[in-house]
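In the working numbering, the protein residues as written are 103 to 268.
Okay, so here's the structure we're looking at.
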Amino acid sequence: MPEKTVIQRYITALGDQDWAALEKLYAPDVTMYAPTAWGVKGVEFLLKFCQEIHHAHPGIRTVLHDEFYSADGTRAAFRFALHWHNTGSYFGNAPTGERGSSIEQHTVRIEDGRIVEQVVGVSTLGLHFLQKEAWGVAYVTDAVDPAPEVDSALQAQQASHAKNRP
């Protein structure tokens with residue numbers, strides 16, 4: 103059987119609550135960019151966050167659907183689902199009994215086989231709606247992407263106009 107990829111090991115460790123394996127997958131000074139925690143640094147925060155998700159949703163199931171890597175293996179993108187049922191507290195907030203699925207897309211930067219940066223995007227908002235509406239978790243409202251711009255429509259449009267000016 104082929105060796106699991108970094109992302110496959112991540113999904114397995116997250117789903118199995120294997121905190122030691124998850125900690126080994128992250129660089130100690132990893133930075134996470136997520137709807138409720140933008141630019142947060144440190145593996146301790148990420149482990150606590152993941153532990154709280156499991157505490158709030160005992161039996162949560164993680165399912166990897168897609169993963170892609172850059173040619174040099176330093177970047178990856180993946181899509182996965184979380185199937186959850188909220189029967190436990192979340193950072194001290196009472197359970198609601200709600201259940202659902204959350205589909206997320208993450209991009210990561212990888213150095214020496216460890217995740218050094220993780221950017222979280224969500225397609226379905228059930229779990230995030232629960233966090234915001236039931237528990238009052240604040241969303242990031244003015245996020246600056248950590249990566250440099252590759253292209254920008256407005257930038258390209260302005261450059262085009264600049265060329266056409268006398």
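Built from N, CA and C at the ideal position, the CB exists for glycine as well.
Q. Is the stretch 162-171 in contact with the stretch 135-150, if contact means three or more CB pairs nearer than 8 Å?
A. no
* Where are the alpha helix (DSSP H) runs, 4 residues long or more, that stay fully inside the stretch 125-163, in chain order? -> 145-158
Proximity below 9 Å, CB of ILE217 to CB of HIS167: As a working note, residue 217 is residue 115 in the sequence shown. As a working note, residue 167 is residue 65 in the sequence shown. No, the pair does not count as a contact, with Cβ atoms beyond the cut-off.
Would you identify the three-state DSSP class for ALA115, choosing helix, strand or coil?
The sequence position of residue 115 within the sequence shown is 13, counting from 1. If DSSP states are grouped into helix, strand and coil, ALA115 belongs with the helices.
Beta-bridge pairing of HIS187 - partner residues as DSSP gives them
Taking the first residue of the sequence shown as position 1, residue 187 is located at position 85. Looking at the DSSP assignment, HIS187 forms a beta bridge with ARG201.
Going by alpha carbons, who is nearest to PHE70 out of ALA196, THR209, GLY202, ASP118? Only positions 103 to 268 of the chain appear in this structure, which leaves residue 70 out of reach.
Exposed unless 16 or more other CB atoms sit within 10 angstroms - verdict on GLN153: Taking the first residue of the sequence shown as 1, we reach residue 153 at position 51. It is exposed - the Cβ of GLN153 has fewer than 16 other Cβ atoms within 10 Å.
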